[in-house]
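Engineer: Just dropping this structure here.
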Amino acid sequence: MINAKPLVIVDKLKKYFPVTRGLVFQRAVGNVHAVDGLSFTIARGETLGLVGESGCGKTTAGRTILGLYPPTSGEVDIDGENLVTARGRKLLAIRRKAQIIFQDPYASLNPRWTINAIVSEPLRVHKLFATDKERSERVKELINLVGLSPRLINRFPHEFSGGQRQRIGIARALASDPLFIVCDEPISALDVSIQAQVVNLLEDLQDKFGLTYLFIAHDLSMVRHICDRVAVMYLGAIVETAERNELYENPLHPYTKALLTAVPIADPRKERARKRTILIGDVPSPINPPAGCRFHTRCPIAMEKCKVEIPDWREASPEHWVACHAV
Amino acid sequence: MTNNLLEVKDLKTRFHTPEGVIHAVNGVSFDLPEGSTLAVVGESGCGKSVTMMSILRLIAIPPGEIASGSALYRGKDLLKMSDGELEREVRGKEIAMVFQDPMTSLNPVLTIGYQLTESLRVHLDMNPQQCQKRAIELLELVGIPEPANRLRDYPHQYSGGMRQRVMIAMALSCSPSLLIADEPTTALDVTIQAQIVELVKSLREKVGLSIIWITHDLGVVAGLADRVVVMYSGFIVEEAEVDDIYEDPRHPYTIALLEALPRVDRRRHNRLKAIHGAPPNLLVEPHGCPFAPRCDAVIDRCLIENPELLQVNDGHKIACWVNVKTGDPR
């Protein structure tokens, strides 16, 4: 195997949001450590899953990687270009290669724009075609590609169902011929019978255009299905990454183990026989994350060491990385 | 033999809207034996919530209309009861409901303690001291730490999982016999979902509840339910014991739903089998089987005549013209 350079390199990425007090004289009283030192790479054509509970910073991570939020510190390289330092035309060129599909298809399409206007916006921004007519042709092609009828491009979002809207969101993401797409919980707002349609579409498009995905999700069953590699996030940092079957069959971090046992299985016999590690309580506040290992407050096997010392990020077995003192 | 806590027969609910009549529930019948747990599974808009809301007469009339049917609770028809009797004797006291969204079902400007004790004051006429004592017991029961100190908190001081625990505590406050849980874990993380499911299981044993659990997630109810009802477009399409639904599903919709679901405990071997098309438009009165346009096993008869829910095996009912095992018409 040729060790090609990864398409996406994220290095020690941090994103803090200030917490302010006072109405007139606002002052920062602390920071929400939404993303706190995230590092990973994604190879060309690979799908990396990013999973974790709500509030762990996975959406912020996705948005910061695309430069939608300016990072507090850290680096992001997409196709060999540094996104953090790029400005002006150079930034625009990188953004053309990196797109996003949002979670809520009801909120991510402007209700007053036609489908044509929505899907052609990236084409206008990146000045990809000279005339409206050419752009319209491209929109029809894209709409066809995602399995909708090109006749529908002059309609408005409210005339479409949730699944169809998500297809429109996918068409918009594809418009600028990107290399990399952040899929931010693209199916969690959809009905079960529609989820599989959208997942299959995403896979077909990946095969066709050699796309690279960062698939952010909390549905661990779907992540196992769609992703090549999975990263588990807890309170702003990754605690474990591995190839999907390795991660699901041989999880090392106690948080990963707890997450996996919490996922219900559609099999009553298996479900009755299962032993669960039920995590106590909720995710602590990211304003003052716990010292040492961040998971120690909920960890069933926490030791004294975990409360003071941050565990090293190390390769426990080939390509299986974990941050835990007990492993 | 007649130890059914609840017997629903031929329930039909419609909504009269400016766009036309929405046929939300189209003749639903089921029984709930005392002490058992029934799961009602279906996608959004399949009528699962409206069915339960109709039983407790919680739908707005008009635009809603309960066109026919009966709902016998311990032999008394809830649909014919006077509003006063229903309010005094049943809702919250005998039958309690937990709703989907713990973020919006609590009043943000009232304390947890006040909201928790409301039904104690209304139904059981307790004085403030008794209320306080019972509220602390209830929060303890659902696993809220330091309950005495948290009664004066407001909902925003509680996390999502804790709010859902409060909702359950509230539902249990008058020791109801039946708990209707309408997608109680959908808005929660898997880890919190597991906590809530375990909590409900332990409560079921402790206080002997009967439960109706409404969900769109076939995974959640596998370890929880005794019987499962699958709904589509306002009809029950399959009903069976929990093991039969998962191991021997007979209706094409149930089969397709199970196949469209990836499994966390299995390696991927091929693409997901998607159900083509979209759920039906409820404004159109269905002719034929409502699932026919999306069904792979469809035959001519399906397009003309809607199959009745009939027994195929011991305790296993389906509404389908085709025997999916052989592909032959029935």
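In the order they appear, the protein sequences are chains A and B.
Be aware that the first sequence starts at 180, since it is given in the working numbering, and climbs by one per residue.
Be aware that the second sequence starts at 830, since it is given in the working numbering, and climbs by one per residue.
No residue lacks a Cβ here, since even glycine has one placed at the ideal position from N, Cα and C.
1) When DSSP labels each residue in this structure, what does A/A286 get in the three-state scheme?
2) Of all Cβ atoms in chain A, is any one closer than 8 Å to the Cβ of B/L1090?
3) What is the DSSP secondary structure of A/H504, counted as helix, strand or coil?
4) Do you know offhand how far B/M830's Cα is from B/A1069's?
5) Identify which residue in B/H985, B/L1032, B/Q1024 has its Cα closest to the Cα of B/A1000.
6) Round the Cβ separation of B/S1039 and B/E863 to the nearest angstrom and send it over; I've been treating them as touching at under 8 Å.
7) If we count the other Cβ atoms within 10 Å of its Cβ and call it buried at 16 or more, is A/I466 buried or exposed?
8) Here's a check: name, in chain order, each residue in its chain whose Cβ is nearer than 8 Å to the Cβ of A/F335, leaving out the five neighbours to either side.
9) What are the complete alpha helix (DSSP H) segments, minimum 4 residues, inside the segment 981 to 1054 of chain B?
10) Assess, as a yes-or-no matter, whether the segment 1037 to 1052 of chain B is touched by the segment 980 to 992 of chain B under the definition of 3 or more beta carbon pairs within less than 8 Å.
11) Give me the Cα-Cα distance between A/A505 and B/A1103, rounded to the nearest whole angstrom.
12) How big is the Cα-Cα spacing for A/R275 and A/L217?
13) Residues in the segment 975 to 994 of chain B with C-beta within 7 Å of chain A's C-beta atoms, listed in sequence order?
14) Is it right to say A/P497 is buried, meaning 16 or more other beta carbons lie within 10 angstroms of its own, or is it exposed?
15) If the cut-off is 8 Å on Cβ atoms, which residues from the segment 857 to 882 of chain B count as contacting chain A, listed in chain order?
16) Taking beta-carbon pairs under 9 Å, can you tell me which members of the segment 1022 to 1033 of chain B lie near chain A?
17) With 16 other CB atoms within 10 Å as the buried threshold, where does A/L202 fall?
18) At a CB-CB cut-off below 7 Å, which residues of chain A make contact with B/T1020?
19) Sort out for me which residues DSSP pairs A/Q278 with in a bridge.
20) What is the C-beta distance between B/L1112 and B/A853, in whole angstroms, given that I count them as a contact (C-beta under 8 Å)?
21) Going along the chain, which residues of its own chain have a beta-carbon closer than 8 Å to the beta-carbon of A/S367, five neighbours each way excluded?
22) In chain A, which residues lie with their C-beta within 8 Å of the C-beta of B/K1102?
23) At the 8 Å Cβ level, is B/G1052 part of the contact set with chain A, yes or no?
24) Should A/P121 and B/G1048 be called a contact, given that it needs their Cβ atoms to be closer than 8 Å?
25) For chain A, find out if any of its Cβ atoms is closer than 8 Å to the Cβ of B/G1063; answer yes or no.
26) Name, going along the chain, the residues of the segment 324 to 341 of chain A whose beta-carbon falls closer than 8 Å to a beta-carbon of chain B.
27) In chain B, what lies closer than 7 Å to A/I480 by C-beta?
28) My output table needs one value for B/S858: the three-state DSSP class, helix, strand or coil.
29) Looking at the C-beta of B/P1108, does it have a partner C-beta in chain A at a distance below 8 Å?
30) Taking the alpha helix (DSSP H) that B/K838 falls in, what are its first and last residues?
31) Ends of the beta strand (DSSP E) at B/M1060?
32) Between the segment 376 to 394 of chain A and the segment 300 to 317 of chain A, do three or more beta carbon pairs fall short of 8 Å?
33) Could you pull out every residue in the same chain whose Cβ sits closer than 7 Å to the Cβ of B/I884, ignoring the five residues on either side in sequence?
34) Please work out which residues of its chain come closer than 6 Å, Cβ to Cβ, to A/R455, disregarding the five sequence neighbours upstream and downstream, and give them in chain order.
35) Tell me the rounded alpha-carbon separation between A/E425 and B/A1121.
Structural biologist: Here's the rundown:
1) coil
2) yes
3) coil
4) Reliability of the predicted coordinates at B/M830 is poor, the pLDDT of 45 falling under 50, and no value is obtained from them.
5) B/L1032
6) 6 Å
7) exposed
8) P290, R291, W292, T293, I294
9) 989 to 1001, 1019 to 1036, 1047 to 1051
10) no
11) 42 Å
12) 23 Å
13) S988, G990
14) exposed
15) E872, S873
16) Q1022, A1023, Q1024, V1026, E1027
17) exposed
18) E232, A437, L438, A441, L458
19) A/I360
20) Contact doesn't hold; Cβ gap of about 11 Å is too wide.
21) Q282, A396, H397, D398
22) A375
23) yes
24) Since the displayed chain A opens at 180 and closes at 506, residue 121 of chain A lies outside it and no answer follows.
25) no
26) S340
27) Under the 7 Å cutoff, chain B gives no residues; its nearest Cβ is about 16 Å from A/I480.
28) strand
29) yes
30) Unbroken run through B/K838 is the beta strand (DSSP E), 833 to 846; no alpha helix (DSSP H).
31) 1056 to 1061
32) no
33) V837, A900, L907
34) T440
35) 41 Å
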